[in-house]
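**Student:**
Residue numbers (my numbering): 654 to 807.
#1: For residue 703, name the three-state secondary structure that DSSP assigns.
#2: Mapping DSSP to helix, strand and coil, what is residue 771?
#3: Taking the Cβ atom as the reference point for each residue, do residue 721 and residue 793 lie within a distance shorter than 7 Å?
#4: Please report the residue range of the alpha helix (DSSP H) in which residue 778 lies.
#5: Considering only their Cβ atoms, is the gap separating residue 749 from residue 797 smaller than 7 Å?
#6: Can you give me the start and stop residues for the alpha helix (DSSP H) that residue 709 sits inside?
#7: Looking at the C-beta of residue 660, does it have a partner C-beta in chain B at a distance below 7 Å?
#8: With 16 other CB atoms within 10 Å as the buried threshold, where does residue 872 fall?
As structure tokens, this is what we get:
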């Protein structure tokens, strides 16, 4: 991790990969609620709406690309704010978990309601806690870890 852009790319790539694999593993394999293709199409539907579900594999690829774009944006944002917020440097685990919670808040209370004006009401239940936990472990923690490593070498 010699460059800023390389660090952002690496942390976004790791976080995006872990997050999508966790979503597929939990929702498609363990809970059998959907398929990997449908998960990716649902991401694409944020841009392409209902068309995302009728265009097959192509929309799944668009969904995967959009998923990584979002992961890279969150990685970039954490990288930018890291030097200005001293508490992020104290504990990688705590700051990663807090960032995962922030990502959940941004995605579920801002981004998704804009993309999908009609969403089911949220309840403090297992699915909600599971989605927050996935983002804490597979988005927040990897981004915080890779970013800390970059800045600690400076």
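Glycine included, C-beta positions come from ideal geometry on N, C-alpha and C.
**Tutor:** If we stick to the structure as given:
#1: On the chain shown, residue 703 is found 50 positions in, with the first residue counted as 1. Of the three classes helix, strand and coil, the one that applies to residue 703 here is coil, per DSSP.
#2: Indexing the chain shown from 1 puts residue 771 at position 118. Three-state result, residue 771: coil.
#3: The residue given as residue 721 occupies position 68 in the chain shown. The residue given as residue 793 occupies position 140 in the chain shown. Cβ distance not < 7 Å, so residue 721 and residue 793 don't count as in contact.
#4: Position 125 of the chain shown, counting from 1, holds the residue named residue 778. No alpha helix (DSSP H) holds residue 778; DSSP gives it neither H nor E.
#5: For the purposes of this step, residue 797 is taken as residue 144 along the chain shown, with counting starting at 1. For the purposes of this step, residue 749 is taken as residue 96 along the chain shown, with counting starting at 1. Yes; because the gap between Cβ atoms is below 7 Å, this pair is in contact.
#6: For this step, residue 709 is matched to residue 56 along the chain shown. Here residue 709 belongs to no alpha helix (DSSP H), and DSSP marks it neither H nor E.
#7: Looking for chain B here will not work: only one protein chain is present.
#8: With the chain running from 654 to 807 in the structure shown, residue 872 is simply not present.
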